[in-house]
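*Asks:* Sharing a structure below in C-alpha cells format, with a few things to ask.
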Ligand SMILES: [Fe+2]
C-alpha cells in the first residue's frame, strides 16, 4: 500500500486490531502498530483534523475519536516543560516533525503516602521524526519538552484518561492530584 493511500481509518482499524489481539499489553501493541503509524507519519497531515482543547498544549487536532480511543495531531510548544504526569491508560507519542526531549518514569513507592511519590527515570531521550514512545501502566508517567518550534506529534490514547490525574515533582518526591482542565495546568 502506498503511503498516500493510507488513511486515518486504516490506522484506527490497525490500532483496534492490535488492542483486540494484545489486550492491555502496550509493548506488544506498540510493536504491532509501528508500521501503520509510520505510514501516517509519512503522509501529509497539515490540512486534516478537527480542533480540540488540549491539556497542555496550544494546538491539538482530532484525527480520530470514537468515544474511547483517540488519535490526535499535537503541536508541542518549544521550550515549555510539561511536568511529569500520568494518564490511567496507555498513550503513544510518535514524532511527525521537530524534536522532543521525552522522559518516562517508573513510580518506585506504593502510593500509600498521600502527596509522596518517588520517581525513577527509565527512558530519557530526544525523540526524532519517525520515532515513537509508548507510555503505559505501570510505567505511565512522562514529561516532555519540545526542542524546536515545529514539534508535532501523532498521539494515540487507548481509552479514556482517568479523571483525577497525578502531577509529579520528582526533585521534591511529591505529587498532587489535578484535573488538567479544571486546575488550568499547562
Ligand atoms: Fe501525557
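Residue numbers (our numbering): 45 to 230. We treat Cβ as the ideally placed atom computed from N, Cα and C, and that holds for glycine.
DSSP state of residue 56, grouped into three classes?
*Replies:* Within the chain shown, numbered from 1, the residue matching residue 56 stands at position 12. Here residue 56 sits in helix by DSSP.
*Asks:* Could you give the first and the last residue of the continuous alpha helix (DSSP H) run that contains residue 82?
*Replies:* Walking along the chain shown from the start, residue 82 turns up at place 38. Looking at the DSSP string, the run of the alpha helix (DSSP H) that includes residue 82 is 70-85.
*Asks:* Any heavy atom of ligand 1 within a distance shorter than 7 Å of the CB on residue 135?
*Replies:* What you label residue 135 is simply residue 91 of the chain shown in a count that begins at 1. Checking every heavy atom of ligand 1 against the Cβ of residue 135, one is found closer than 7 Å.
*Asks:* Which first and last residues belong to the beta strand (DSSP E) in which residue 165 is found?
*Replies:* Within the chain shown, numbered from 1, the residue matching residue 165 stands at position 121. Per DSSP, residue 165 belongs to the beta strand (DSSP E) from 163-171.
*Asks:* What three-state label does DSSP hand residue 230 in the structure shown?
*Replies:* Counted from its first residue, the chain shown places residue 230 at position 186. Note on residue 230: pLDDT 34, under 50, position unreliable in the model; the coordinate value appears next. Here residue 230 sits in coil by DSSP.
*Asks:* DSSP state of residue 89, grouped into three classes?
*Replies:* Translated into positions along the chain shown, residue 89 becomes position 45. Reduced to three states, the DSSP call for residue 89 is coil.
*Asks:* Assuming residue 161 and residue 168 form a contact by the criterion Cβ under 8 Å, report the distance between their Cβ atoms to the nearest whole angstrom.
*Replies:* Counted from its first residue, the chain shown places residue 161 at position 117. Counted from its first residue, the chain shown places residue 168 at position 124. That belief does not hold up - the Cβ atoms of residue 161 and residue 168 are roughly 18 Å apart, past 8 Å.
*Asks:* Report the three-state DSSP secondary structure of residue 113 (helix, strand or coil).
*Replies:* Indexing the chain shown from 1 puts residue 113 at position 69. It is coil, neither helix nor strand.
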